[in-house]
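Residue 100 in numbering that gives the first Met the number 0 is what sits at position 101 of the sequence shown, and the numbering runs on without skipping anything.
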Amino acid sequence: MSYRRRRSTRIRPYTFTGGRTRSRHPLMVQTLVSTADPSTEPPTNLMPESQSIYRLCRETRSVAEVSAELDIPLGVTQVLLSDLAELGLVYIHPTITGISPSENQVLERALRGLERLFQ
Numbered sequence: 000m001s002y003r004r005r006r007s008t009r010i011r012p013y014t015f016t017g018g019r020t021r022s023r024h025p026l027m028v029q030t031l032v033s034t035a036d037p038s039t040e041p042p043t044n045l046m047p048e049s050q051s052i053y054r055l056c057r058e059t060r061s062v063a064e065v066s067a068e069l070d071i072p073l074g075v076t077q078v079l080l081s082d083l084a085e086l087g088l089v090y091i092h093p094t095i096t097g098i099s100p101s102e103n104q105v106l107e108r109a110l111r112g113l114e115r116l117f118q
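Written as structure tokens, this is what we have:
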């Protein structure tokens, strides 16, 4: 397959977000998200990427985990998660946002994320 053909079949990240690069909600890489109702299927009118995010968030995950698991760029993931939150489909858990969170809190959050990845 030629380079030109591969390139034309690849979807640009901004097409998922309608050209938007910023989310309406402050979503950091460690921000935890989950679905509002894990037993519900995602609405059929959502883009396939948003449906995948919804299904993945049936278990609480960090923004970084969602991005990595679905192989979607972080900025796109943040915008799509923000859109899902606006629709009331995803819950954004409060995140420590102080100027310098304690080192222990950051390490504990990283450890929990790693443990989830290897379960």
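Cβ coordinates follow ideal geometry from the N, Cα and C atoms, glycine included.
Exercise for review: Look at the Cβ atom of Val65, then the Cβ atom of Val28, and state whether they are nearer than 8 Å.
Suggested key: Within the sequence shown, numbered from 1, the residue matching residue 65 stands at position 66. Within the sequence shown, numbered from 1, the residue matching residue 28 stands at position 29. Here Val65 is not near Val28, since their CB atoms are 8 Å or more apart.
For this session: State the DSSP-derived secondary structure class of Arg5, mapped to helix, strand or coil.
Result: What you label residue 5 is simply residue 6 of the sequence shown in a count that begins at 1. Any reading at Arg5 must be qualified, since the residue scores a pLDDT of 42, below 50, and its modelled position is unreliable; the value itself is stated next. Reduced to three states, the DSSP call for Arg5 is helix.
Nearest neighbour of Ser38, chosen from Arg57, Val75, Asp70 and Glu68 [CA to CA] = Residue 38 sits at position 39 when you count from the first residue of the sequence shown. Of Arg57, Val75, Asp70 and Glu68, the smallest CA-CA separation from Ser38 is found for Arg57.
request  = Round the Cβ separation of Leu55 and Glu40 to the nearest angstrom and send it over; I've been treating them as touching at under 8 Å.
outcome  = Against the sequence shown, residue 55 aligns to sequence position 56. Against the sequence shown, residue 40 aligns to sequence position 41. In this structure, Leu55 and Glu40 do not form a Cβ contact; the two beta carbons are roughly 13 Å apart against a cut-off of 8 Å.
- What does Ile91 pair with, by DSSP beta-bridge criteria? Walking along the sequence shown from the start, residue 91 turns up at place 92. The secondary-structure analysis by DSSP pairs Ile91 across a beta bridge with Val32.
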